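Right, one structure below, let's go through it.
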Amino acid sequence: MSDRLKVLAISGSVRESSFNTALLKAASELTGSEFEFEFYDGIAQLPIFSQELEGTNRPKQATDLDEVIRATDAVLISTPEYNGSLPGGLKNLLDWGSRPYANGPFAGKPVAVISTSTGRYGGARAVEATSDILRHIGASVLNDRLTVASAQSKIDSEGVLRDDITKRSLAHIVERLRDLAKFGVAA
Ligand SMILES: Cc1cc2nc3c(=O)[nH]c(=O)nc-3n(C[C@H](O)[C@H](O)[C@H](O)COP(=O)(O)O)c2cc1C
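Take any residue in the sequence shown, count from 1 to its spot, add 743: that is its number in the numbering used here.
Pasting the structure below:
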């Protein structure tokens, strides 16, 4: 690991003016030069996972995903909650990232999961469901979580986070993710 911590930011939303993507952008802007953020934007191009597309049939979109995850020190996922759970596109990404079994790119990878929603629980069930899947596929999931309720009152129409408490919580999550990546535990 170099001095700078590479963080791969994955939004569970493909919406142009997504609040979750805005939250990831805010995280990258709030944190210091010790972090190097990269944004993954291939979620909509991933084919639906099929076991027939494994091994030598694995599509390029999936091998590209493998490469970016394996090359990063840590992953920060911000996902919307759809119908009490995570969106299908993110689940599909995690299915790809779970293979080959026990040796997929998420195995052992430090990951933090956050969510914002327009509802009053801030996507808590999406964070829970996403974290469960990540643990199942062997990721090292940060215990701390951030859920931001009423996104529309904290993120403006330009996608800029305007809420100071959320800013502090977000910076804290990224620092904890750094500790998890550097020391194996977030003390
Ligand atoms: C299909 C669908 C299901 C949704 N289900 C929930 C839900 O279960 N809980 C919730 O808090 N918000 C729910 N919402 C509202 C989302 O939180 C809101 O649309 C949010 O802005 C989506 O995130 P994004 O801005 O990052 O795209 C749902 C929205 C859609 C389109």
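C-beta: ideal position from N, C-alpha, C; glycine also.
Since the model is a prediction, treat every value here as computed from it, not as a measurement.
*Is it true that the CB of leucine 836 sits closer than 8 angstroms to the CB of alanine 752?*
The sequence position of residue 752 within the sequence shown is 9, counting from 1. The sequence position of residue 836 within the sequence shown is 93, counting from 1. The answer is no: Cβ separation not under 8 angstroms.
*asked:* If you reduce the DSSP assignment to three classes, tell me which class leucine 829 lands in.
replied: In the sequence shown, residue 829 corresponds to position 86, counting from 1. The answer is coil: DSSP assigns leucine 829 none of H, G, I, E or B.
_Taking the alpha helix (DSSP H) that glutamate 918 belongs to, which residues open and close that run?_
The sequence position of residue 918 within the sequence shown is 175, counting from 1. Taken as a continuous stretch (DSSP letters only), the alpha helix (DSSP H) holding glutamate 918 covers 907 to 926.
*asked:* Restricting to runs no shorter than 4 residues, where is the alpha helix (DSSP H) found entirely within the stretch 768 to 826?
replied: 803 to 814
*Quick one, which of Arg905, Ile898 and Lys852 has its alpha-carbon nearest leucine 885's?*
Looking up residue 885 in the sequence shown gives position 142. Measuring from the Cα of leucine 885, the nearest candidate turns out to be Lys852.
*Per DSSP, cross-strand counterpart(s) of leucine 751*: Position 8 of the sequence shown, counted from the first residue, corresponds to residue 751. The secondary-structure analysis by DSSP pairs leucine 751 across a beta bridge with Glu781 and Val818.
*Taking Cβ positions, are alanine 894 and arginine 863 nearer each other than 8 angstroms?*
Taking the first residue of the sequence shown as position 1, residue 894 is located at position 151. Taking the first residue of the sequence shown as position 1, residue 863 is located at position 120. Going by beta carbons, alanine 894 and arginine 863 fall outside the 8 angstroms limit.
*Have a look at the DSSP bridge pairing and note the partners of leucine 889.*
Against the sequence shown, residue 889 aligns to sequence position 146. The partner list for leucine 889 (beta bridge, DSSP) reads Ile857.
_So if DSSP puts leucine 904 in a beta bridge, which residue, or which two residues, is it bridged to?_
Taking the sequence shown and counting its residues from 1, one reaches residue 904 at position 161. Answer by DSSP bridge pairing, in chain order: Ile898.
*For valine 884, which residues does DSSP report across the bridge?*
As a position in the sequence shown, residue 884 is number 141, starting the count at 1. Valine 884 pairs with Val854.
_Tell me whether phenylalanine 782, by its Cβ, gets closer than 7 angstroms to a heavy atom of ligand 1._
Locating residue 782 in the sequence shown gives position 39, counting from the first residue. Shortest gap from the CB of phenylalanine 782 to any heavy atom of ligand 1: 7 angstroms or more.
_Backbone secondary structure at arginine 878 - three-state DSSP_ = By 1-based counting over the sequence shown, the position of residue 878 is 135. Helix, per DSSP.
*Any chance the stretch 909 to 928 sits against the stretch 869 to 876, with 3 or more Cβ pairs inside 8 angstroms?*
Cβ pair count under 8 angstroms is below three, so no.
_Under 8 angstroms: do the stretch 748 to 762 and the stretch 783 to 791 share three or more Cβ pairs, one atom per stretch?_
yes
*Cα-Cα separation between alanine 855 and serine 896, rounded to whole angstroms*: Taking the first residue of the sequence shown as position 1, residue 855 is located at position 112. Taking the first residue of the sequence shown as position 1, residue 896 is located at position 153. Spanning the two alpha carbons is a distance of roughly 24 angstroms.
*Going by C-alpha distance, which of Arg878, Ile916, Trp839 and Glu777 is nearest glutamate 810?*
By 1-based counting over the sequence shown, the position of residue 810 is 67. Measuring from the Cα of glutamate 810, the nearest candidate turns out to be Trp839.
*Thinking C-beta only, is leucine 833 closer than 8 angstroms to threonine 815?*
Residue mapping note: residue 815 aligns to position 72 of the sequence shown, counting from 1. Residue mapping note: residue 833 aligns to position 90 of the sequence shown, counting from 1. Contact: no.
*Verify whether the separation of the beta carbon atoms of leucine 913 and leucine 748 is less than 8 angstroms.*
Counted from its first residue, the sequence shown places residue 913 at position 170. Counted from its first residue, the sequence shown places residue 748 at position 5. In this structure, leucine 748 does not lie closer than 8 angstroms to leucine 913 by Cβ.
*Own chain, CB closer than 7 angstroms to glycine 881, minus 5 neighbours either side, in chain order*: Sequence index remark: in the sequence shown, residue 881 carries index 138 (1-based). Once the five neighbours on either side are set aside, the close Cβ partners of glycine 881 are Ala845, Phe849, Ala850 and Gly851.
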